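This note's numbering puts the sequence shown at residues 8 to 317. Glycine is no exception: its CB is placed at the ideal position from the N, C-alpha and C atoms. A quick note: this is a predicted structure, and the numbers were derived from the prediction, not measured.
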Amino acid sequence: MNQPLHQLPSLDLLRGFVAVARRMSITLAAADLFLTQSAVSRQIRSLEEELGVALFERRHRGIALTPAGERLFRHADAWFDQLGEVLASLRPADAAAPVTVTSTIAVTTLWLLPQLGRFQSAHPALDVRVAAGNRVVADLQREGVDLALRYCTREQAPPQAEHLFDERIVPVASPSLGLRRVAGAAALRRLTLLEYEDVARPWLQWNGWLQAAGKAPAEPLGRLRFNQYDQVIQSALAGHGVALGRAPLIAPMLADGRLVAVEGLSAPARPDYAYWLILREGTLPVAALRFADWLREAARETRALLETLF
Numbered sequence: 008m009n010q011p012l013h014q015l016p017s018l019d020l021l022r023g024f025v026a027v028a029r030r031m032s033i034t035l036a037a038a039d040l041f042l043t044q045s046a047v048s049r050q051i052r053s054l055e056e057e058l059g060v061a062l063f064e065r066r067h068r069g070i071a072l073t074p075a076g077e078r079l080f081r082h083a084d085a086w087f088d089q090l091g092e093v094l095a096s097l098r099p100a101d102a103a104a105p106v107t108v109t110s111t112i113a114v115t116t117l118w119l120l121p122q123l124g125r126f127q128s129a130h131p132a133l134d135v136r137v138a139a140g141n142r143v144v145a146d147l148q149r150e151g152v153d154l155a156l157r158y159c160t161r162e163q164a165p166p167q168a169e170h171l172f173d174e175r176i177v178p179v180a181s182p183s184l185g186l187r188r189v190a191g192a193a194a195l196r197r198l199t200l201l202e203y204e205d206v207a208r209p210w211l212q213w214n215g216w217l218q219a220a221g222k223a224p225a226e227p228l229g230r231l232r233f234n235q236y237d238q239v240i241q242s243a244l245a246g247h248g249v250a251l252g253r254a255p256l257i258a259p260m261l262a263d264g265r266l267v268a269v270e271g272l273s274a275p276a277r278p279d280y281a282y283w284l285i286l287r288e289g290t291l292p293v294a295a296l297r298f299a300d301w302l303r304e305a306a307r308e309t310r311a312l313l314e315t316l317f
């Protein structure tokens, strides 16, 4: 007797469960699915609530399947394998796979996505898959990625990496705050600072940026802290405070006046980080090569815009 389909959990919940059970790690499963850890955790909780049983035991140093979880995994894992084989057999042999590009959430949200419509208009028949995440994809071939946008130093970039543009940090705010110029670092005491919580890159944090400029740590009116850089910029656009802007990513916002550069703070030397394009080794499909050419042209436009702004 066929099970009524409306009584079955959604495919997304089951896929999240299988991904975690295969890896025995929410972090690794999230990377496999190109989702955040919190999103995968929500999928597991939703599935457990829908079934009314615990599927994983939360332990001090990881997780483990419960007996119910082991039973579900045996069947669901095999079913997903079989479904994948059937779907692959249904696709035409000459069907073009989508071009897959991976990058950090910040670069994807602030730089890539706002321009992607132009590529779609020029190449409507080419499919693009954007995989945003802050995990560095080390093996593009193994993970099925054609192109990667990286934010790193020259020494950290692979030998075949192509330079797109350099980093440049500038304080920015919404024009609604009227902060086109402040009277030095002491004026920060009257302002709210928008803080990116990334201790690995101190030049993206206010105290690290001020220290590089030879200034004392900031004692602002207040701070708003975010764990994703694009959230910092969204908060700046909303007029919540002053942010450290990564100029290549927000150049269009500076050009059209959505954000203004706040003068009066001595900028430190530019960090040696830059933005790089990396192509998967081996023969790439024509679609991926076209997308790479478009990325290079978009980078040239960004460099030209930065020259007009600074």
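Burial state of residue i (16 or more Cβ within 10 Å)
{"i": "threonine 115", "result": "buried"}
{"i": "alanine 111", "result": "The identity of residue 111 in the sequence shown is threonine, whereas the question assumes alanine. Answer is buried; the Cβ neighbour count reaches 16."}
{"i": "serine 181", "result": "buried"}
{"i": "arginine 78", "result": "exposed"}
{"i": "phenylalanine 317", "result": "exposed"}
{"i": "alanine 174", "result": "According to the sequence displayed, residue 174 carries glutamate and not alanine. By the neighbour-count rule (16 or more Cβ atoms within 10 Å), glutamate 174 is buried."}
{"i": "glutamine 163", "result": "exposed"}
{"i": "glutamine 212", "result": "buried"}
{"i": "alanine 193", "result": "exposed"}
{"i": "aspartate 153", "result": "buried"}
{"i": "arginine 157", "result": "buried"}
{"i": "aspartate 263", "result": "exposed"}
{"i": "glycine 289", "result": "exposed"}
Contact check, residue i vs residue j, beta carbons under 9 Å
{"i": "histidine 130", "j": "phenylalanine 298", "result": "yes"}
{"i": "alanine 7", "j": "valine 108", "result": "Coverage of the chain is limited to positions 8 through 317, which leaves residue 7 absent and any answer about it impossible."}
{"i": "leucine 284", "j": "alanine 306", "result": "yes"}
{"i": "valine 106", "j": "leucine 133", "result": "yes"}
{"i": "isoleucine 70", "j": "valine 47", "result": "no"}
{"i": "glycine 252", "j": "leucine 261", "result": "yes"}
{"i": "leucine 313", "j": "phenylalanine 172", "result": "yes"}
{"i": "alanine 38", "j": "arginine 142", "result": "yes"}
{"i": "phenylalanine 126", "j": "valine 137", "result": "no"}
8 Å CB neighbourhood of residue i in its chain, flanking five on each side removed
{"i": "isoleucine 257", "result": "Leu117, Val179, Ile240 and Leu266"}
{"i": "leucine 54", "result": "Pro16, Leu20, Leu21, Gly23, Phe24 and Leu62"}
{"i": "threonine 160", "result": "Asp279, Tyr280 and Ala281"}
Limits of the unbroken beta strand (DSSP E) element including residue i
{"i": "threonine 199", "result": "199-203"}
{"i": "phenylalanine 172", "result": "169-173"}
{"i": "leucine 286", "result": "281-286"}
{"i": "proline 178", "result": "176-180"}
{"i": "valine 108", "result": "106-110"}
{"i": "valine 137", "result": "135-139"}
{"i": "alanine 299", "result": "Careful: alanine 299 lies outside any beta strand (DSSP E), inside the alpha helix (DSSP H) at 293-316."}
{"i": "glycine 229", "result": "229-233"}
Cut-off 6 Å between Cβ atoms - residues of its own chain near residue i, not counting five sequence neighbours on either side
{"i": "proline 275", "result": "Ala219 and Ala220"}
{"i": "tyrosine 236", "result": "Ala113 and Tyr203"}
{"i": "tryptophan 216", "result": "Trp210 and Leu251"}
Chain D within 9 Å of residue i, Cβ atoms only
{"i": "alanine 190", "result": "The structure shown has no chain D; it contains just one protein chain."}
Supposed contact pair residue j and residue i - C-beta distance, whole angstroms, cut 8 Å
{"i": "arginine 228", "j": "leucine 198", "result": "Per the sequence shown, residue 228 should be read as leucine rather than arginine. Contact holds; Cβ gap of about 6 Å."}
{"i": "valine 25", "j": "alanine 83", "result": "5 Å"}
{"i": "valine 249", "j": "leucine 296", "result": "Not quite, the Cβ-Cβ distance comes to about 41 Å (not below 8 Å), so this is no contact."}
{"i": "leucine 72", "j": "phenylalanine 80", "result": "6 Å"}
Close beta carbons around residue i, own chain, < 7 Å, minus the five adjacent residues each side
{"i": "glycine 246", "result": "Ser181, Ser183 and Leu184"}
{"i": "aspartate 101", "result": "No answer about aspartate 101 holds up, because its pLDDT of 49 lies below 50 and its placement is not dependable."}
{"i": "arginine 310", "result": "Phe172"}
{"i": "arginine 187", "result": "Val267, Val269 and Glu270"}
Boundaries (first-last residue) of the alpha helix (DSSP H) holding residue i
{"i": "valine 47", "result": "44-58"}
Heavy atom of the ligand COA within 8 Å of residue i beta-carbon
{"i": "histidine 13", "result": "The ligand COA is not part of the structure shown, which contains no ligands of any sort."}
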